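S.K.:
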């Protein structure tokens with residue numbers, strides 16, 4: 001089981017309500033800004049999708065200074 005932070009409840013719902021998405025949540029994580037992914041389903045994501053999820057998770061928790069520095073050197077595509 002892998003837990004990824006998300007920026008908002010809207011982001012969480014977008015991931016878990018998409019039928020094609022391998023992301024889900026449980027009652028234990030209600031009110032927590034994160035989504036779950038079973039390790040056995042990680043192959044359903046492309047490398048770029050996984051990189052985006054990891055980056056977004058990090059950015060959601062990073063300080064403004066660190067997030068700005070990262071984004072300055074890694075502009076969104």
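Numbering (full-length UniProt numbering), first residue to last: 1 to 77.
Backbone N, C-alpha and C define an ideal beta-carbon position, used for all residues, glycine too.
Here the structure is a predicted model, which means the values were calculated and not measured.
1) Can you tell me whether residue 33 is helix, strand or coil according to DSSP?
2) Residue 76 to residue 56, Cα distance in whole Å?
3) Can you say whether residue 53 is buried or exposed, counting buried as having 16 or more other CB atoms within 10 angstroms of its CB?
4) Give me the DSSP bridge partner(s) of residue 5.
5) Could you compute how far the alpha carbon of residue 38 sits from the alpha carbon of residue 5?
6) With distances taken between CB atoms, is the gap from residue 16 to residue 29 smaller than 7 Å?
M.R.: Straight from the coordinates:
1) Taking the first residue of the chain shown as position 1, residue 33 is located at position 33. Coil, per DSSP.
2) Along the chain shown, read from residue 1 onward, the residue named residue 76 stands at position 76. Along the chain shown, read from residue 1 onward, the residue named residue 56 stands at position 56. Taking the Cα positions, residue 76 is about 11 Å away from residue 56.
3) The sequence position of residue 53 within the chain shown is 53, counting from 1. It is buried - the Cβ of residue 53 has at least 16 other Cβ atoms within 10 Å.
4) Residue 5 sits at position 5 when you count from the first residue of the chain shown. Residue 5 is bridged to 34.
5) On the chain shown, position 38 is the one that residue 38 refers to. On the chain shown, position 5 is the one that residue 5 refers to. Spanning the two alpha carbons is a distance of roughly 15 Å.
6) Within the chain shown, the letter at position 16 stands for residue 16. Within the chain shown, the letter at position 29 stands for residue 29. No, these two residues do not count as a Cβ contact at 7 Å.
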